[in-house]
Amino acid sequence: MLTKNKNVLEWVQQMVDLCKPDNVVWIDGSEEQLNELKKIAVQTKELIELNQEILPGCYLHRTKQNDVARVEDKTFICSRKEEDAGPTNNWCDPEEMYSKLKKLFAGVMKNRTMYVIPYSMGPIGSHMSKVGVELTDSIYVVINMNIMTRMGKQAFENLKEDSNDFVRGLHSKANIDPENRFIAHFPEDNTIWSINSAYGGNVLLGKKCFALRIASYQGKNEGWMAEHMLILGIENPQGEVKYVAAAFPSACGKTNLAMLIPPELYKKQGYKVWTVGDDIAWLRIGQDGRLYAINPENGFFGVAPGTNSKSNPNALESTKKNTIFTNVAHNLENNTVWWEGLNENPPENAIDWTGKEWNGKTSKEKGAHPNSRFTAPAKNCPCISKEFNNPDGVPISAIIFGGRRAKTTPLVYETFNWQHGVFVGATTASETTAAAAGKVGVVRRDPMAMLPFCGYNMGDYFKHWLTMGEKLKDKAPKIFNVNWFRTDENGEFLWPGYGENMRVLMWILNRCNGEVDAKKTAIGYIPKKTDLNLEQSSVNEHNLEKILSIDLNLWKQETKEIEEFFKKFGSKLPLELKNELNNLKERLEKN
Ligand code: GTP
Ligand code: SPV
Ligand code: MN
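This is the structure in structure tokens:
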């Protein structure tokens, strides 16, 4: 036992009584304990040890084929009142859910060990951090939580002896039965119960379950924000660093933008990009009235396919040691890993993500699952920010929303003010990806990229955003929207993306510093063609015009869809957003 906190001890005992494990092991975070667990996992084939010369400390894990992504239809917000979960979440009465899940958890850990994982979301000792405890029967979860969070004894340093401010996470892989898979959140009890999955976002309970769903609810009550945002710093040649936070839906480019390598043109001048976070930001108003962000995580759970030495060398470098690979191909030629888009040279002698023999040169099937991932320690990242562990976070100059839109949304635009920015965030739409089970490529509204992650009524969430803006007043970050995914008539991307996105970031910073003018349009300010630096880029003026263009008819159609979407929220929709929609309609008519 690593703590004297009575609330922790009592709750762990209750869960032990329910799950009836043969053993209970408290995870202190020591090297010896973790090594011992890895040894067991290798023996039971839960982990495959990779080539320790090429990939020291690295392992491969394969999940069941029915368990490869988040399951939104099995994810529940169990607030006492249905209205508090809102129209975008699955709701279940907490008593009903507890009683249903108690039957599934009863005795589920017989012949198994329960691991008690204390962890901190956010740096140890930071006033912005929070403590969680996850109980699990999966060593894969322990090893991943060690990478993704500050795990072990140290986490309890952030929890006073009598405090009840910790999130109670209970997880069992049970039989990985998809019919009885549930990811249930009880925001009013600081509690998460997850059963019958062993995959990423469903089971690493510190991540989406705590750091977004529970934390967004806590943030609303406590006056701060938990967002699905990357955080990056841009250092200018004078050594000054400005920070931006960006919210894109799952598998829409956060990790890539967070680790961006500037084009030669900027590198030569001395510009640098630093990663603070790639998925989640916790934001609070600091003593100087500005908005500050920490990354509550300690590692990256990144999409593997498409990651290579050109697209994201920093991510690739981060995976070279102490990394867990999930559902990628196993290259038997040298006992390493491979995924689509790693290089042009797939192994002939390999095992695919499903565990079958696979020849990358001849097989039509994919070697890695489209949502295969790497879990890599943040400290491995060559461009990790010096401020990564800063307990006060970093000041945010700009907030960026974005998504995958083949048409409609231009490459970049600036909103008129915070309230208009909240409207733009609230109405962002994006094509679905493999990060969640279900159809891929369907356009859906995904407000602030939080649709699957908001732990309470999204109408109240919009209101909370507006309230934060009122508190920030003239110190509020400027709000922008970007779209790297606009296509031409042939479905080809019009914008090269990745490192080239720096050009857009530079325009955004220039706007924040009041250094460039812009063109006022019905939807917001867009760059004047000459203000987006395209020196040494592959984009010609014709394409630039296309990606910055605004099709008024498409936008009028868009306002109709937004109107439909807003209806969902009934009286919970803030009046300010209704007004913003009317203003947009008027501007579109006048144009
Ligand atoms: P989650 O971890 O699911 O939240 O995803 P993410 O938002 O971090 O997305 P990530 O950076 O992993 O990118 C997902 C996919 O989008 C990968 O296949 C990338 O190759 C692709 N992608 C990222 N940035 C760009 C870009 O600028 N342009 C294009 N065309 N594709 C991109
Ligand atoms: C996402 O889906 O947004 C992810 C991966 O970052 S998961 O941890 O599975 O949520
Ligand atoms: Mn994510």
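Each number in the working numbering corresponds to the 1-based position in the sequence shown with 11 added. We put the CB at the ideal spot given by N, CA and C, even for glycine. Owing to the predicted nature of the structure, the values given are computational and were not obtained by experimental measurement.
query	result
Proximal residues to E368 (C-beta, below 7 Å), its chain only, five neighbours per side dropped	I362
Within 5 Å of the ligand MN: residues by beta-carbon to any heavy atom	S261, D290
Contact set for T202: own chain, Cβ-Cβ below 6 Å, skip 5 residues either direction	R179
Distance cut-off 7 Å: L504 Cβ against heavy atoms of the ligand GTP	Contrary to the premise, residue 504 reads as Phe rather than Leu in this sequence. Result yes, Cβ under 7 Å from the ligand GTP.
Segment contact, 8 Å Cβ cut-off, at least three pairs: the segment 265 to 274 with the segment 240 to 257	yes
Proximity below 8 Å, CB of L215 to CB of M120	no
Buried versus exposed, by CB contacts within 10 Å (16 or more), V453	exposed
For R384, three-class secondary structure by DSSP	strand
Outcome for M162 when other beta-carbon atoms lying within 10 angstroms are tallied against a minimum of 16	buried
Among P273, F312, Q298, Q280, the one whose alpha carbon lies nearest that of I291	F312
Alpha carbon of G5 to alpha carbon of R123, nearest angstrom	There is no way to answer for residue 5, as the model of the chain reaches only from 12 to 602.
Burial state of N34, where buried means 16 or more other Cβ atoms lie within 10 Å	exposed
Residue(s) in a DSSP beta bridge with I411	A257, F491
CA nearest to the CA of A80, picked from T444, L483, V550	T444
Heavy atom of the ligand SPV within 7 Å of K219 beta-carbon	yes
F385: CB within 7 Å of a non-hydrogen atom of the ligand SPV	no
Delimiting residues of the alpha helix (DSSP H) encompassing E425	That residue, E425, is in no alpha helix (DSSP H); its beta strand (DSSP E) goes 423 to 425.
Whole-Å CB distance - K489 paired with E425, under 8 Å assumed	6 Å
Any non-hydrogen atom of the ligand GTP closer than 7 Å to C263 Cβ	yes
Supposed contact pair M469 and G436 - C-beta distance, whole angstroms, cut 8 Å	That belief does not hold up - the Cβ atoms of G436 and M469 are roughly 11 Å apart, past 8 Å.
Where I411 falls, given that 16 or more other Cβ within 10 Å makes a residue buried	buried
Of the listed residues E587, K557, I534, S582, nearest to E597 (C-alpha basis)	I534
Where A304 sits in the DSSP three-state scheme	strand
Supposed contact pair A379 and V609 - C-beta distance, whole angstroms, cut 8 Å	Missing from the structure shown is residue 609; the chain here goes from 12 to 602 and no further.
Nearest-angstrom Cα separation, counted from W429 out to G366	50 Å
Length at least 3, wholly inside the segment 238 to 294: the beta strand (DSSP E) runs in chain order	240 to 246, 252 to 258, 283 to 288
When L146, N232, H138, A448 are compared against G297, the one with the closest alpha-carbon	H138
Uninterrupted beta strand (DSSP E) stretches inside the segment 422 to 509 (no shorter than 3 residues)	423 to 425, 440 to 442, 454 to 456, 489 to 493
Residues sharing a beta bridge with W364, DSSP	Answer is none; W364 lacks a bridge partner.
Endpoints, the beta strand (DSSP E) within which T202 is located	202 to 206
Buried versus exposed, by CB contacts within 10 Å (16 or more), S9	In this structure the chain extends from 12 to 602, so residue 9 is not present and cannot be described.
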